[in-house]
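Encoded as structure tokens, the structure appears first; notes follow it.
There are 2 protein chains.
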Amino acid sequence: MKARRDVFQAIADPTRRAIIGLLAGQTLTLNTVAGNFNISQPAISKHLRILTECGLVTVVKQGRERHCTASLQALQEVIQWAEQYRAFWNSRLDTLEDLLNEAE
Amino acid sequence: MKARRDVFQAIADPTRRAIIGLLAGQTLTLNTVAGNFNISQPAISKHLRILTECGLVTVVKQGRERHCTASLQALQEVIQWAEQYRAFWNSRLDTLEDLLNEAE
DNA sequence: TCTTTAGTAAACCATTTGGTTATATTTTAT
DNA sequence: ATAAAATATAACCAAATGGTTTACTAAAGA
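Sequences listed follow chains A and B, in order.
If you're matching positions, the first sequence starts at 949 in our numbering and goes up one per residue.
If you're matching positions, the second sequence starts at 949 in our numbering and goes up one per residue.
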């Protein structure tokens, strides 16, 4: 009954978005991921935990290493959410104009 | 030189996403927005400030009222970011399979 | 077997977040 | 002129966040 991590919250952090960018297309060891940032390895561990908790990253244990792979289909939720508003922002300039007229 | 609010962080909060949903297609008073939630008016004020700081909402002062309109084209940034990874998640099942084979 | 190496876990810390209540401030209505 | 309404501002608070360091555990090499 665990409230599974929210993907919106997961991608809110720039470091986590960078990790996603790094893992897109390639599987990397946790340590290798950490090597790309100026923060400590435990900090990266935490970020990766959050990313796995919402399904954005899959970690496979292999010997003493953790192989991290991006599972980015979880991003579909984000796209779907944002996409539903496309109709609105297409008419945005008009709306703003109306608004300013209304306000005089 | 203000670091303009991050839209990713803005949409991380569920209440703010709900406000966006509420304002999509209709301009509402701050108070009317607040009426749709169980939290105090100052709390809504803060959320709206964050939403305006990243351009997702425009507030027009009209007398003593604030008319809030969604400017959702700012969501394009989110879609664009996520969309760039579509190619990766399409091949996801294979990748995961490879991964498991590799791991035996 | 002994020592690296890879990663986790725990304890801690400062800052941010999301909320509160209470008190202004500014329009509008009476 | 006064009262009510719409919002802002301030002071405050608990919990979450993003980071640290310091062990600890487990696998791999020498």
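Where is the CB? At the ideal position from N, CA and C, for every residue including glycine.
Supposed close pair residue i, residue j - CB separation, criterion 8 Å
i, j, result
"R978 (chain A)", "R1014 (chain A)", "The residue asked about is misnamed: residue 978 (chain A) is Leu in this sequence, not Arg. Right, the Cβ-Cβ distance comes to about 4 Å (below 8 Å), so this counts as a contact."
"A1030 (chain A)", "I1027 (chain B)", "5 Å"
Buried versus exposed, by CB contacts within 10 Å (16 or more), residue i
i, result
"R964 (chain B)", "buried"
"A991 (chain A)", "exposed"
"I968 (chain B)", "buried"
"A1035 (chain B)", "exposed"
Pairwise C-alpha distance: residue j and residue i
i, j, result
"H995 (chain A)", "A960 (chain A)", "11 Å"
"A1022 (chain B)", "G1011 (chain A)", "44 Å"
"W1037 (chain A)", "L1020 (chain B)", "5 Å"
"Q989 (chain B)", "V1007 (chain B)", "15 Å"
"E1001 (chain A)", "I987 (chain B)", "28 Å"
"A1018 (chain A)", "A958 (chain B)", "24 Å"
"Q1032 (chain A)", "L976 (chain A)", "34 Å"
"A951 (chain A)", "A972 (chain A)", "Residue confidence for A951 (chain A) is low, a pLDDT of 45 falling below 50, so the modelled location carries little weight; the figure read from the coordinates is stated next. When rounded, the distance between both Cα atoms is 26 Å."
"T980 (chain A)", "V1005 (chain A)", "15 Å"
"K1009 (chain B)", "Q1024 (chain B)", "26 Å"
"F985 (chain A)", "S993 (chain B)", "36 Å"
"F956 (chain A)", "G1003 (chain B)", "18 Å"
"R953 (chain A)", "A966 (chain B)", "18 Å"
"Q974 (chain A)", "P962 (chain B)", "32 Å"
"C1016 (chain B)", "A982 (chain B)", "11 Å"
beta-carbon residue i near the ligand COA non-hydrogen atom, thresh 7 Å
i, result
"L970 (chain A)", "No copy of the ligand COA occurs in the structure displayed, which carries no ligand at all."
For the stretch 975-1027 of chain A, which segments carrying the alpha helix (DSSP H) assignment without a break, of at least 4 residues, lie completely within its bounds, in sequence order? Runs of the alpha helix (DSSP H) spanning 4 or more residues and lying entirely within the stretch 975-1027 of chain A occur at 978-983, 989-1001, in chain order.
Chain B contacts from the stretch 956-969 of chain A (Cβ-Cβ distance under 9 Å): Residues of the stretch 956-969 of chain A with a C-beta less than 9 Å from any C-beta of chain B: F956, Q957, A958, I959, A960, D961, P962, R965, I968, G969, listed in chain order.
Can you give me, in chain order, the residues of the stretch 978-1011 of chain B that have a beta carbon less than 7 Å from any beta carbon in chain A? Within the stretch 978-1011 of chain B, contact with chain A at the beta-carbon level (separation under 7 Å) is assigned to T1006, V1008, Q1010.
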